[in-house]
Amino acid sequence: MGLNTAVTSFDNAVTSDVSTLSYEQARDELVQVVARLEAGGEPLEDSLALWERGEALAARCQEWLDGARARLDAARSQDDATARGTTDLDDPTGDDA
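Heads up: the sequence shown is residues 0 to 96, going by numbering that gives the first Met the number 0.
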């Protein structure tokens with residue numbers, strides 16, 4: 000197995016289960032990873048693996064936050080349209096002809 004194959008396999012192993020984590024699970028594990036890295040004392044390879052896991056966990060948290068922001072923006076847009084008395088089905092020009 001070549002180095003690139005090993006790295007790719009490792010990357011897939013690091014990120015494979017991250018996609019199934021809830022925001023809270025990913026955040027809690029990320030906190031643990033950061034604490035271990037900050038404490039030091041880990042061998043280089045372990046530190047690199049922790050760093051990569053932390054990156055994957057942070058990306059997962061960001062996915063959840065981006066999704067939440069999109070849902071809030073959509074809800075606000077809908078509320079604004081309702082407050083103006085318009086909906087997506089109304090003519091945006093205001094012409095009812």
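Beta carbons are placed, not taken as given, at the ideal position from N, Cα and C, and that holds for glycine.
Do residue i and residue j have their C-beta atoms within less than 8 Å of each other?
i           : j         : result
arginine 68 : serine 18 : no
leucine 43  : valine 32 : no
Assuming residue i contacts residue j under a Cβ cut-off of 8 Å, what Cβ separation, rounded to an integer in Å, is found between them?
i          : j          : result
leucine 20 : glycine 53 : Not a contact, Cβ separation roughly 13 Å.
leucine 36 : serine 46  : 6 Å
Just verifying my parser: in three-state terms, what is the DSSP assignment at residue i?
i            : result
glycine 66   : helix
aspartate 78 : helix
aspartate 16 : coil
arginine 83  : helix
glycine 39   : coil
serine 46    : helix
When burial is assigned at 16 or more other CB atoms within 10 Å of the CB, is residue i buried or exposed?
i          : result
alanine 82 : exposed
alanine 38 : exposed
alanine 25 : buried
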